[in-house]
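Asks: Mind looking over this structure? Questions follow.
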Amino acid sequence: MNNLMTKMGVLLLAVFASSDGFGEEEPSVEQIIEQVNLRDEGQAVSRILVMTLTDRRGKTRVRETRAFRKYFGDEKRTAIFYKKPNNIKDTAFLTYDYPDLNKDDDQWLYLPAMRRVRRISAADRGDYFLGTDFSYEDIKLETRISTADYHHILLGSHFIEKRKYFVLEATPVDDKTAKELGYGKVNTIIDSSNWMITKNEFWDPKGHPLKTIDFSDIRLVQGIWTAHIIAVDNHKTGHKTHFSFSDVDYSNGVNDDIFTTQSIRRGL
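With the first letter of the sequence shown counted as 1, position 83 gets the number 83 in the UniProt record's numbering; the numbers rise by one all the way through.
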């Protein structure tokens with residue numbers, strides 16, 4: 001099913017390549033989200049991810065990881081293994097993103113100091129991921145848009161250097177979800193030429209500006225649009241997170257065994 005959806009997405013992107021693909025009419029918010037979520041991500045990818053964390057005083061910490069993602073049918077699995085520095089080496093994260101909207105996703109964290117794998121509950125998904133400014137939910141979604149947690153409206157569109165961008169506003173479906181996510185509103189900017197998200201702006205449940213996520217250095221890798229830099233500016237704490245991706249490989253596949261709790265405990 002996932003291969004069929006990917007092929008459909010590629011065909012739609014080809015049709016829309018010269019414009020937003022909807023003629024003179026603005027697309028509906030559902031059509032825009034569909035294009036973003038159907039965008040080809042490849043069956044599997046491996047990459048090096050370097051995380052640079054900077055506090056409000058300018059002090060930085062750098063962490064190097066190996067990251068993997070693979071689709072099992074319509075189910076997406078992601079694994080991240082920390083390689084450097086030594087004080088966090090062998091920490092690992094695993095998530096199963098299920099297509100069934102009524103089924104909670106599974107997430108696990110391996111902490112070598114505790115020598116155990118800890119399951120992350122749905123109530124914890126708004127927590128920040130290992131000292132970064134990304135939540136566990138942000139890491140899981142990556143470049144997708146959640147339709148289960150939010151109501152969306154189309155705020156409008158604008159052009160930058162002849163490229164059309166759509167702006168969506170998302171609000172949590174209820175107060176419980178807002179509390180779990182830690183977000184009261186999210187604005188998303190989408191490039192209609194490739195259906196990549198270029199920016200997310202977040203407000204907390206009380207309506208205060210929380211953080212901004214920028215996606216940049218977006219280019220084709222083995223025929224797949226890929227953001228090589230993701231940067232977060234936390235407006236409340238002054239903390240910044242910079243993700244830099246390299247050695248991105250969609251062509252060689254990823255072993256199924258990577259995506260198990262045994263694997264994150266054992267390490268690479």
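Yeah, the Cβ is synthetic: ideal placement off N, Cα and C, and Gly gets one too. The structure presented is a predicted model; accordingly, all values stated were derived computationally and were not measured.
Exposed or buried, what is residue 270 when buried is set at 16 or more other beta-carbons lying within 10 Å of its beta-carbon?
Replies: For residue 270 there is no data in the structure shown, the boundaries of the chain being 1 and 268.
Asks: Just grab the DSSP bridge partners of R77 for me.
Replies: Translated into positions along the sequence shown, residue 77 becomes position 77. Answer by DSSP bridge pairing, in chain order: K70 and Y96.
Asks: With distance defined between alpha-carbon atoms, name the residue in G126, R265, I213 and H158 nearest to H235.
Replies: Against the sequence shown, residue 235 aligns to sequence position 235. Considering only alpha carbons, the answer is I213.
Asks: On the criterion of 16 or more Cβ atoms from any shown chain inside 10 Å, does Q222 qualify as buried, or is it exposed?
Replies: As a first step, residue 222 is located in the sequence shown; it is residue number 222 there, counting from the start. Exposed is the call here.
Asks: CB-CB under 6 Å to residue 347, same chain, minus the five flanking residues each way: which ones, in chain order?
Replies: Any answer about residue 347 is impossible in this case: the structure gives the chain only from 1 up to 268.
Asks: Using beta-carbon positions only, say whether G123 and D104 come within less than 8 Å of one another.
Replies: For the purposes of this step, residue 123 is identified with residue 123 of the sequence shown, where counting begins at 1. For the purposes of this step, residue 104 is identified with residue 104 of the sequence shown, where counting begins at 1. Reading off the sequence shown, one finds Ala at residue 123, where the question assumed Gly. Not in contact: A123 and D104 (Cβ atoms no closer than 8 Å).
Asks: Under a three-way DSSP split, which group does K176 fall into?
Replies: Against the sequence shown, residue 176 aligns to sequence position 176. K176 falls in the helix class under three-state DSSP.
Asks: What residues in its chain sit with their C-beta under 6 Å from that of F245, if we drop five residues either side in the sequence?
Replies: Position 245 of the sequence shown, counted from the start, is the residue given in the question as residue 245. Closer than 6 Å at Cβ, skipping near neighbours: R47, L49 and H228.
Asks: Counting only the same chain and skipping the five closest in sequence on each side, list residues whose C-beta sits under 8 Å from that of residue 269.
Replies: Residue 269 lies beyond the range of the chain shown here (1 to 268); nothing can be said about it.
Asks: Spell out the partners DSSP gives R61 in its beta bridges.
Replies: Residue mapping note: residue 61 aligns to position 61 of the sequence shown, counting from 1. In DSSP, R61 forms a bridge with L53.
Asks: Considering only the alpha carbon of each residue, which of L168, I88 and V36 lies closest to L154?
Replies: Taking the sequence shown and counting its residues from 1, the one referred to as residue 154 is at position 154. Minimum Cα distance to L154 is reached at L168.
Asks: Using the DSSP secondary-structure output, state which residues sit across from L111 in a beta bridge.
Replies: The count along the sequence shown starts at 1 and reaches residue 111 at position 111. Beta-bridge pairing links L111 to R116.
Asks: Please identify the residue among S192, K211, S193 and R63 whose C-alpha is closest to the C-alpha of E201.
Replies: Counting from one through the sequence shown, the residue named residue 201 turns up at place 201. The residue with the shortest Cα to Cα distance from E201 is K211.
Asks: Buried or exposed: M51, going by 16 or more other Cβ atoms within 10 Å of its Cβ?
Replies: The residue you call residue 51 lines up with position 51 of the sequence shown. It is buried - the Cβ of M51 has at least 16 other Cβ atoms within 10 Å.
Asks: Can Y150 and V173 be called in contact, C-beta distance under 8 Å?
Replies: For the purposes of this step, residue 150 is identified with residue 150 of the sequence shown, where counting begins at 1. For the purposes of this step, residue 173 is identified with residue 173 of the sequence shown, where counting begins at 1. Taking 8 Å as the Cβ cut-off, Y150 and V173 qualify as a contacting pair.
Asks: Just the Cα atoms here: how many angstroms apart are residue 282 and I88?
Replies: Summary: the structure shown does not reach residue 282, with the chain confined to residues 1 through 268, and so no result is reported for it.
Asks: Give every residue of the same chain whose Cβ lies closer than 6 Å to the Cβ of D97, excluding the five residues on either side of it in the sequence, and list them in chain order.
Replies: Within the sequence shown, the letter at position 97 stands for residue 97. The residues are K76, D105 and K140.
Asks: Using DSSP with H/G/I as helix, E/B as strand and the rest coil, what is I33?
Replies: For this step, residue 33 is matched to residue 33 along the sequence shown. Helix.
Asks: Indicate whether at least one CB of chain D lies closer than 8 Å to the CB of S216.
Replies: No chain D appears in the structure shown, which is made up of a single protein chain.
Asks: For I258, count neighbouring Cβ atoms within 10 angstroms of its own Cβ and tell me buried if that reaches 16, exposed if not.
Replies: Position 258 of the sequence shown holds residue 258. Classification for I258: buried.
Asks: Contact check, R163 vs S193 under 8 Å by CB: the rounded distance?
Replies: Working through the sequence shown from its first residue, we reach residue 163 at position 163. Working through the sequence shown from its first residue, we reach residue 193 at position 193. At roughly 5 Å, the Cβ-Cβ gap stays under 8 Å, so R163 and S193 are in contact.
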